[in-house]
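Let me begin by presenting the structure, written as structure tokens, before commenting on it.
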Amino acid sequence: MTEDLSPRVSKRIVRTDGGLGRIPVTGVTPVLEGGAYPVKAVVHERILIQANVFREGHDAVNASVILTSPGGTQRRVDMKQVEPMGLDIWQAHVRMAAEGDWSFRIEGWSDPWGTWRHAAEKKLPVGVDVELVCMEGRALLERAAQHADQLRVAGAAHLLRGAAETITPDTEVDEILELVTSGPIQRAMARFGPRELVSPTPDYPIRVERRRALYSSWYEFFPRSQGAWVDEHGTWHSGTFDSSHERLEAAAAMGFHIVYLPPIHPIGSAFRKGKNNSLTPGPQDPGSPWAIGSADGGHDAIHPDLGDFDDFDRFVAKARSLGLEVALDLALQASPDHPWVEEHPEWFTTRMDGTIAYAENPPKKYQDIYPINFDLDPVGIYHEVLRIVRFWIDRGVSVFRVDNPHTKPVEFWDWLMSRVYETNPEVIFLAEAFTKPQMMAALGKVGFQQSYTYFTWRNAKWELEEYLTELSQEMASYYRPNFFVNTPDINPFYLQSGNPAAFSIRAILGATLSPTWGVYSGYELFEHQPLAPGKEEYLDSEKYEYRPRNFNAEPNLNLLLGRLNEIREQHPALQQLRDIHFHHAAHDQVIAYSKHDADDVVLVVCSLDQDNTVESPVMLDFDALGFPGRATVAVHDLLTGQEYQWGREAYVRLYPGQPAHVFHVTAE
Numbered sequence: 001m002t003e004d005l006s007p008r009v010s011k012r013i014v015r016t017d018g019g020l021g022r023i024p025v026t027g028v029t030p031v032l033e034g035g036a037y038p039v040k041a042v043v044h045e046r047i048l049i050q051a052n053v054f055r056e057g058h059d060a061v062n063a064s065v066i067l068t069s070p071g072g073t074q075r076r077v078d079m080k081q082v083e084p085m086g087l088d089i090w091q092a093h094v095r096m097a098a099e100g101d102w103s104f105r106i107e108g109w110s111d112p113w114g115t116w117r118h119a120a121e122k123k124l125p126v127g128v129d130v131e132l133v134c135m136e137g138r139a140l141l142e143r144a145a146q147h148a149d150q151l152r153v154a155g156a157a158h159l160l161r162g163a164a165e166t167i168t169p170d171t172e173v174d175e176i177l178e179l180v181t182s183g184p185i186q187r188a189m190a191r192f193g194p195r196e197l198v199s200p201t202p203d204y205p206i207r208v209e210r211r212r213a214l215y216s217s218w219y220e221f222f223p224r225s226q227g228a229w230v231d232e233h234g235t236w237h238s239g240t241f242d243s244s245h246e247r248l249e250a251a252a253a254m255g256f257h258i259v260y261l262p263p264i265h266p267i268g269s270a271f272r273k274g275k276n277n278s279l280t281p282g283p284q285d286p287g288s289p290w291a292i293g294s295a296d297g298g299h300d301a302i303h304p305d306l307g308d309f310d311d312f313d314r315f316v317a318k319a320r321s322l323g324l325e326v327a328l329d330l331a332l333q334a335s336p337d338h339p340w341v342e343e344h345p346e347w348f349t350t351r352m353d354g355t356i357a358y359a360e361n362p363p364k365k366y367q368d369i370y371p372i373n374f375d376l377d378p379v380g381i382y383h384e385v386l387r388i389v390r391f392w393i394d395r396g397v398s399v400f401r402v403d404n405p406h407t408k409p410v411e412f413w414d415w416l417m418s419r420v421y422e423t424n425p426e427v428i429f430l431a432e433a434f435t436k437p438q439m440m441a442a443l444g445k446v447g448f449q450q451s452y453t454y455f456t457w458r459n460a461k462w463e464l465e466e467y468l469t470e471l472s473q474e475m476a477s478y479y480r481p482n483f484f485v486n487t488p489d490i491n492p493f494y495l496q497s498g499n500p501a502a503f504s505i506r507a508i509l510g511a512t513l514s515p516t517w518g519v520y521s522g523y524e525l526f527e528h529q530p531l532a533p534g535k536e537e538y539l540d541s542e543k544y545e546y547r548p549r550n551f552n553a554e555p556n557l558n559l560l561l562g563r564l565n566e567i568r569e570q571h572p573a574l575q576q577l578r579d580i581h582f583h584h585a586a587h588d589q590v591i592a593y594s595k596h597d598a599d600d601v602v603l604v605v606c607s608l609d610q611d612n613t614v615e616s617p618v619m620l621d622f623d624a625l626g627f628p629g630r631a632t633v634a635v636h637d638l639l640t641g642q643e644y645q646w647g648r649e650a651y652v653r654l655y656p657g658q659p660a661h662v663f664h665v666t667a668e
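Under UniProt numbering, the letters of the sequence shown match residues 1 to 668, in that order.
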């Protein structure tokens with residue numbers, strides 16, 4: 001139960017400085033690095049809090065979560081013991097209705113009412129200590145009634161005193177036991193009954209952010225390609241912010257929330273990359289947007305080909321008018337032409353031959369990019385990055401996609417995230433880090449609201465089930481996955497067949513497995529040609545050239561992407577991460593899973609075979625669906641409109657033209 005905190009009738013509160021309290025509480029989760037970092041949550045998200053609570057002997061124990069709001073108001077949420085009982089596991093789900101820095105602690109306590117009830121159920125039926133047991137029960141009920149009086153809850157006080165009067169040696173045992181185990185008495189005693197030997201844990205932080213930090217749909221495109229054209233002389237003309245308004249309208253029409261732009265800053269000329277990352281660019285090659293900086297400026301400037309700040313402001317205003325937020329790329333690196341190179345050479349690594357070290361990820365070399373050395377002048381570079389971030393926040397940017405954060409010190413991100421949160425808690429940072437698990441976890445813990453994932457490389461059923469179990473359980477308190485189905489850098493092998501079914505399958509999985517997902521433009525047109533066999537890079541990559549597209553060319557996935565986002569918007573079950581359950585499908589190319597939030601239940605059954613028809617029985621766990629004891633449930637396919645009555649064993653036939661069911665599940 002959930003209850004506002006108020007004075008309790010209690011013998012004493014037992015506090016300890018370290019170690020275990022009078023009623024031991026151990027194994028508290030979720031807690032990050034001993035409480036050094038706040039657990040992640042968003043407004044109204046359902047968070048599971050768990051601990052082991054026990055005591056000596058046989059007297060009953062109980063436990064409560066004490067939530068403290070940013071304003072200092074406290075609220076009690078009572079915990080319940082769960083199976084297996086011998087492991088003393090206590091759990092409670094909590095939701096927080098306001099943004100800000102919350103905290104929670106767990107209080108273990110001796111439960112006199114629980115102890116008495118157990119004794120009464122054992123002794124009264126066999127006539128042992130009847131008068132004494134009744135006296136003790138009346139005393140506990142009277143104490144609870146006095147507490148209800150203190151809180152001016154007259155109805156509860158009257159109920160409890162009436163129960164106390166009933167518990168006498170002259171009352172039938174069955175009547176006493178029926179009374180003390182009844183719902184009204186149990187609820188009243190849970191609220192007003194005595195709590196003794198209260199033993200609190202330390203307070204642990206929870207940061208509650210806006211819902212977009214957890215639930216969002218991203219669309220990525222290059223403004224320079226949108227509206228780019230070639231004149232009669234063969235000269236390319238860049239697209240602009242103004243010519244990109246149509247793409248904003250299209251993204252909004254497909255139900256996306258965030259439009260993400262690769263770097264929009266001036267691009268250096270030195271060592272500029274040409275088509276397909278060649279070292280010999282032609283005069284028409286625009287260069288990689290990630291080679292930031294030229295005589296026109298650095299990270300606080302706009303590439304002249306895209307427009308000026310008035311054009312950018314119009315772009316942001318247009319996005320907002322459509323309900324979109326603009327995400328900007330934060331790539332902390334510089335081209336050899338960046339003003340930093342001359343003004344702050346101490347921010348770069350100079351090699352023994354006197355040259356500045358360029359970026360490498362062997363065998364890849366990025367001669368057009370100089371990495372920042374954060375250790376040579378940390379004060380200078382830290383504050384310069386903070387200035388840049390705040391510069392773009394002031395221009396209406398509320399989301400940053402951070403390029404390669406794993407190549408910068410975690411300590412720096414900890415510092416930056418803390419400073420930005422102090423003034424702009426609404427800002428969202430997405431970590432583009434495909435690296436070792438510990439580094440990805442650390443970035444999430446120090447403040448990144450969202451993170452790229454291994455999703456593009458998880459294709460087999462067992463891989464997806466294993467990965468989603470990890471993301472939704474042990475990682476959910478610090479790591480929010482963003483399931484981009486492709487990126488300018490990643491042309492997944494699964495999609496390189498060009499089979500439209502492959503694109504549909506991955507879109508359905510991305511949109512329904514994770515509350516946040518993303519699409520890089522061209523996906524809806526089934527772009528799939530690799531740079532070379534065995535390479536996960538695009539041929540004619542947009543990173544190095546203009547790629548204007550006809551987004552209405554047939555065939556395309558515009559309708560499916562729009563429908564998936566519409567389904568996500570209508571179903572809270574798909575807007576949360578922590579509750580996902582996999583159901584058994586006999587065929588290894590069929591995956592079945594459900595997501596649940598309050599009364600909303602969505603069941604997805606998806607083929608993983610892009611080429612063939614697959615048929616499989618599916619065994620449904622009705623308890624996990626939230627329908628225990630029922631023989632059938634009603635399933636409504638949100639993609640096709642079809643309706644079925646399904647029992648605990650169902651049957652599916654999926655084929656490339658219809659590779660999945662996305663069901664809304666109800667009792668009727």
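Cβ atoms here follow ideal geometry from the backbone N, Cα and C, with glycine treated the same way.
Considering only residues of the same chain and omitting the five flanking positions on each side of residue i, which have a CB-CB separation below 8 angstroms?
| i | result |
| --- | --- |
| residue 11 | Note on residue 11: pLDDT 47, under 50, position unreliable in the model; the coordinate value appears next. Counting only Cβ-Cβ distances below 8 angstroms, and skipping sequence neighbours, we find 194, 196, 197. |
| residue 451 | 430, 431, 433, 440, 443, 444, 479, 480, 481, 482 |
| residue 261 | 220, 221, 222, 223, 326, 327, 328, 329 |
| residue 382 | 374, 412, 415, 416 |
| residue 668 | 634 |
Answer yes or no: does any C-beta atom of chain C fall closer than 8 angstroms to that of residue i?
| i | result |
| --- | --- |
| residue 363 | In summary, chain C is missing from the structure at hand, where a single protein chain is found. |
Count the other CB atoms, across all protein chains shown, that sit within 10 Å of the CB of residue i; report buried if there are 16 or more and exposed otherwise.
| i | result |
| --- | --- |
| residue 37 | buried |
| residue 299 | buried |
| residue 229 | exposed |
| residue 58 | exposed |
| residue 651 | exposed |
| residue 225 | buried |
| residue 317 | exposed |
| residue 40 | buried |
| residue 491 | buried |
| residue 623 | exposed |
| residue 529 | exposed |
| residue 182 | exposed |
| residue 111 | buried |
| residue 476 | buried |
| residue 438 | exposed |
| residue 155 | exposed |
| residue 612 | exposed |
| residue 90 | buried |
Taking 6 angstroms as the limit between beta carbons, can you name the residues of its chain near residue i, skipping five residues before and five after?
| i | result |
| --- | --- |
| residue 543 | 288, 488 |
| residue 514 | 481, 483 |
| residue 176 | 167 |
| residue 26 | 52 |
| residue 113 | 140, 189, 193 |
| residue 536 | 490, 491 |
Mind reading off the beta-carbon distance from residue i to residue j? Whole number of angstroms is fine, and I expect it under 8 angstroms.
| i | j | result |
| --- | --- | --- |
| residue 323 | residue 562 | So it is not a contact: roughly 14 angstroms between Cβ atoms. |
| residue 539 | residue 531 | 5 angstroms |
| residue 347 | residue 380 | 7 angstroms |
| residue 242 | residue 314 | 7 angstroms |
| residue 654 | residue 590 | 7 angstroms |
| residue 290 | residue 331 | 5 angstroms |
| residue 204 | residue 72 | With a Cβ gap of about 16 angstroms, residue 204 and residue 72 do not count as contacting. |
| residue 427 | residue 420 | 6 angstroms |
| residue 202 | residue 105 | 6 angstroms |
If you follow the alpha helix (DSSP H) that residue i is part of, which residue opens it and which one closes it?
| i | result |
| --- | --- |
| residue 623 | 622-625 |
Where do the N-terminal and C-terminal ends of the beta strand (DSSP E) with residue i fall, by residue?
| i | result |
| --- | --- |
| residue 635 | 633-637 |
| residue 100 | 100-110 |
| residue 166 | No beta strand (DSSP E) holds residue 166; the alpha helix (DSSP H) holding it covers 154-166. |
| residue 617 | 614-619 |
| residue 205 | 204-209 |
| residue 27 | 25-29 |
| residue 663 | 660-666 |
Residues in its own chain within less than 7 angstroms of residue i by CB, not counting five upstream and five downstream?
| i | result |
| --- | --- |
| residue 102 | 67, 68, 69, 70, 96, 206, 208 |
Along the chain, which unbroken stretches of the alpha helix (DSSP H) at least 4 residues long are found entirely within the segment 543-588? Qualifying alpha helix (DSSP H) stretches, in chain order: 558-570.
At which residue ranges does the segment 476-547 contain complete alpha helix (DSSP H) runs of 4 or more residues, listed in the order of the chain? The segment 476-547 contains, as complete alpha helix (DSSP H) runs of 4+ residues, the segments 500-513 (chain order).
What are the start and end residues of each continuous beta strand (DSSP E) run of 3 or more residues lying completely inside the segment 400-479, in chain order? Correct list: 428-432.
Runs of 4 residues minimum, wholly inside the segment 237-315: which ones carry the alpha helix (DSSP H) assignment? Inside the segment 237-315, DSSP marks whole alpha helix (DSSP H) runs of 4 or more residues at positions 245-253, from first to last along the chain.
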